[in-house]
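Enquirer: Chains as they are written, first to last, in the working numbering: chain Y, 56 to 336; chain S, 98 to 409.
(1) May I ask you to report which of helix, strand or coil DSSP gives residue 72 (chain Y)?
(2) Using the C-alpha atoms, what's the distance from residue 126 (chain S) back to residue 108 (chain S)?
(3) What does the Cβ neighbour count give for residue 430 (chain S), buried or exposed, with the cut at 16 atoms within 10 Å?
(4) Would residue 366 (chain S) pass as a contact of residue 192 (chain S) if the rule is Cβ separation under 8 angstroms?
(5) In the DSSP output, which residue or residues are listed as bridge partners for residue 217 (chain Y)?
(6) Take residue 336 (chain S) as the anchor and find which of S:349, S:292, S:312 and S:134 has the nearest alpha-carbon.
(7) By the DSSP assignment, the alpha helix (DSSP H) with residue 180 (chain S) in it spans what residues?
(8) With H, G and I counted as helix, E and B as strand and the rest as coil, what does DSSP make of residue 123 (chain Y)?
(9) Enumerate in chain order the residues of its own chain whose CB-to-CB distance from residue 382 (chain S) is below 7 angstroms, with the five nearest sequence positions on each side excluded.
(10) Given this structure, state the Cα-to-Cα distance separating residue 218 (chain S) from residue 293 (chain Y), to the nearest angstrom.
(11) Note the first and the last residue of the continuous alpha helix (DSSP H) segment covering residue 277 (chain Y).
(12) Counting only Cβ-Cβ distances shorter than 8 angstroms, please list the residues of the segment 302 to 328 of chain Y near chain S, keeping chain order.
(13) Which residues mark the beginning and the end of the alpha helix (DSSP H) in which residue 250 (chain S) is found?
(14) Contact between the segment 143 to 150 of chain S and the segment 385 to 403 of chain S: three or more CB pairs below 8 angstroms?
(15) Hey, is residue 217 (chain Y)'s beta-carbon within less than 8 angstroms of any beta-carbon in chain S?
(16) Inspect the CB distances between the segment 169 to 180 of chain Y and the segment 208 to 222 of chain Y and report whether three or more fall short of 8 angstroms.
(17) For residue 283 (chain S), write down the residues that DSSP places opposite it in a beta bridge.
(18) Please report how far the alpha carbon of residue 393 (chain S) lies from the alpha carbon of residue 139 (chain Y), in whole angstroms.
(19) Write down the C-beta distance between residue 201 (chain S) and residue 338 (chain S) rounded to the nearest angstrom, noting that I regard them as a contact closer than 8 angstroms.
(20) Would you please verify whether the beta carbon of residue 156 (chain S) is less than 8 angstroms from any beta carbon of chain Y?
(21) Determine, for residue 334 (chain Y), whether the minimum Cβ-Cβ distance to residues of chain S falls below 8 angstroms.
(22) Go to residue 186 (chain Y), then tell me how far its alpha helix (DSSP H) extends in each direction, as first and last residue.
(23) For residue 266 (chain S) and residue 250 (chain S), which I take to be in contact (beta-carbon distance under 8 angstroms), what is that distance rounded to the nearest angstrom?
(24) Going along chain Y in order, which residues have a C-beta closer than 8 angstroms to the C-beta of residue 143 (chain S)?
(25) Taking contact to mean 3 or more Cβ pairs, one atom from each stretch, closer than 8 angstroms, check whether the segment 255 to 266 of chain Y and the segment 68 to 78 of chain Y are in contact.
(26) Hey, could you find the ends of the alpha helix (DSSP H) residue 229 (chain Y) is sitting in?
(27) When you compare each of Y:320, Y:323 and Y:299 to residue 120 (chain Y) by their alpha carbons, which one comes out closest?
(28) What residue range is occupied by the uninterrupted alpha helix (DSSP H) comprising residue 329 (chain S)?
(29) Should residue 269 (chain S) go down as buried or exposed, given a rule of 16 or more other Cβ atoms within 10 Å for buried?
(30) Pick helix, strand or coil for residue 264 (chain S), following the three-state DSSP scheme.
(31) Against residue 286 (chain S), what residues of chain Y qualify as contacts under a CB-to-CB distance less than 9 angstroms, listed in chain order?
(32) Measure the alpha-carbon distance for residue 327 (chain S) versus residue 205 (chain S) and round it to whole angstroms.
(33) Is there a C-beta anywhere in chain S that falls below 8 angstroms from the one on residue 58 (chain Y)?
(34) According to a CB-to-CB cut-off of less than 8 angstroms, which residues of the segment 244 to 256 of chain S neighbour chain Y?
(35) Mind reading off the beta-carbon distance from residue 258 (chain Y) to residue 216 (chain Y)? Whole number of angstroms is fine, and I expect it under 8 angstroms.
(36) On the CB-based measure, 16 or more other CB atoms within 10 Å of its CB, does residue 288 (chain Y) come out buried or exposed?
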């Protein structure tokens, strides 16, 4: 009897930990390997037998990147484009979400379905006309081309996430302002937005992530090195010196850093916001 | 702008019937004003381009020729007669279905492991963060990580050879036999957290009483899983599977940065096939026809997704 209950409680716990340990190796090993590879010298990357930790830690790969203005520029471009896209997306999405959450109006359902379905339009389908449009409007190879096209795929998510969040706020909040004679505009920016910070943070992080990671439009709609973003920079690095693995890994670490930091800082908001958006949208 | 439209009500109470009426009409306009920027942007940069790509697909030499002529469905016929298109379609479906299935299996397994109370809560919350990490990485970086790991001289080959699972250095990304599997594996690694996060939220929402009642009825762990957990999670599973299917089908950077569609056409996907038609061969009309086919597949899955969302 005693043996049986021991087996019943210990064995599942051991198996759970075992499963989690295997999962952890699966999830984290590639990332850890990338990180330590960025601290190796290039000759050590394919050392036999393979070693996780470098024999000599070196930050030379990072120094090479920081001392190359072209590569620093990739990062500046990514931060700038993702930052502007995030700000614009948030502003427009908050307005739209407010209308969705607080008003009923004709075409509301149609517009909602339209926004949900735009989430799923393949970027490759839009790329061809975008290329035609960007050339026709003479904004090929400009920040504007990237910012405008990025808005199209960040906005639908932002609207859905923000609408989901605003729906959780009681209507009495803004009604109080309206009763006091304030406009809905005042209610939105003075009352709703300040209490929506968790939702806004989640939306901002996700928007930044989408914009930071974008590849296809950046690859096709820009050309000069001055306008290339980090993902394209890494691709170019790969083409130029195919064997500078430590430098590519360092670039990857630096390219992942803002997302990791944002995610860790905003983790709680982010998960709540994401699940609200993806599960209940 | 909105300030004047939703002017405070007391100011209008003296304005008489006519003023009140126009105030009411104006008030009705408020929601439209709020949705105008988003609608305008999406119409100009979503609907209009889709109309353009449809038009391109019916023309001969779109973008490249000034006097491009309408040729009806000729471009679609050309695409459908191209065996590489069918190979790309088949490979895209294989890649997508395998990815979604394993995203689900891993996502559910990890979610259930993280949801048990057998594990210390602190460890649980740390692991939850760590298990999400792959999802935060850019496709380009995922591609580079896996190129390093799966390099013929890389760590994966070394480990597999040490364990005597393989006896020569496999060129994972450059062999026609293994490339698509290597690519699918990398994508499975990168994409399971979406399922995991959503299912974890779903698991936490299942009432404990259901399990207790089943326990009283003498159900074992597997029966509880099969008759309570899975049915309760079904709406989330369906939503995420459909979304994941749509997004995975559109894969581009991961393929572009690992195999570029090769070797030969072994990992050609609909997206890389279309991209090459447009930006390597400048056949924008053929590429548009192919892009419309991708759009139609996406849209038909989206239809089920929206139906499913609205039923909930």
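Beta carbons are placed, not taken as given, at the ideal position from N, Cα and C, and that holds for glycine.
Expert: Looking at the coordinates:
(1) helix
(2) Per-residue confidence for residue 108 (chain S) stands at a pLDDT of 41, beneath the threshold of 50, marking its modelled position as unreliable; no derived number is given.
(3) The first residue shown for chain S is 98 and the last is 409, placing residue 430 (chain S) beyond what the model contains.
(4) At a Cβ-Cβ threshold of 8 angstroms, residue 366 (chain S) and residue 192 (chain S) count as neighbours.
(5) Paired residue(s): none; residue 217 (chain Y) is not in a bridge.
(6) S:292
(7) 180 to 212
(8) coil
(9) Same-chain partners within the cutoff: 153, 154, 156, 157, 158, 159 and 172.
(10) 42 angstroms
(11) No alpha helix (DSSP H) holds residue 277 (chain Y); DSSP gives it neither H nor E.
(12) 303, 304, 307, 310, 311, 314, 315, 318, 319, 322 and 326
(13) Residue 250 (chain S) -> no alpha helix (DSSP H), and no H or E assigned at all.
(14) yes
(15) no
(16) yes
(17) Answer by DSSP bridge pairing: none, since residue 283 (chain S) is not bridged.
(18) Inter-residue distance for residue 393 (chain S) and residue 139 (chain Y) is about 32 angstroms (C-alpha atoms, whole angstroms).
(19) 6 angstroms
(20) no
(21) The predicted model places residue 334 (chain Y) with a pLDDT of 41, which falls under 50 and marks its position as unreliable, so this point remains unresolved.
(22) 178 to 191
(23) 7 angstroms
(24) Under the 8 angstroms cutoff, chain Y gives 173, 176, 181 and 207.
(25) Here the segment 255 to 266 of chain Y does not lie against the segment 68 to 78 of chain Y, with fewer than 3 beta-carbon pairs under 8 angstroms apart.
(26) That run of the alpha helix (DSSP H) goes 227 to 234.
(27) Y:299
(28) 327 to 346
(29) buried
(30) In the structure shown, residue 264 (chain S) adopts coil according to DSSP, grouped into three states.
(31) 81, 82 and 85
(32) Residue 205 (chain S) has its alpha-carbon roughly 10 angstroms from the corresponding atom of residue 327 (chain S).
(33) Confidence is the limiting factor: at residue 58 (chain Y) the pLDDT is only 49, short of 50, which leaves the residue's position unreliable, though a coordinate-based value still follows. No - not a single Cβ of chain S is within 8 angstroms of the one on residue 58 (chain Y).
(34) 245, 246, 248, 250, 251, 252, 255 and 256
(35) 5 angstroms
(36) buried
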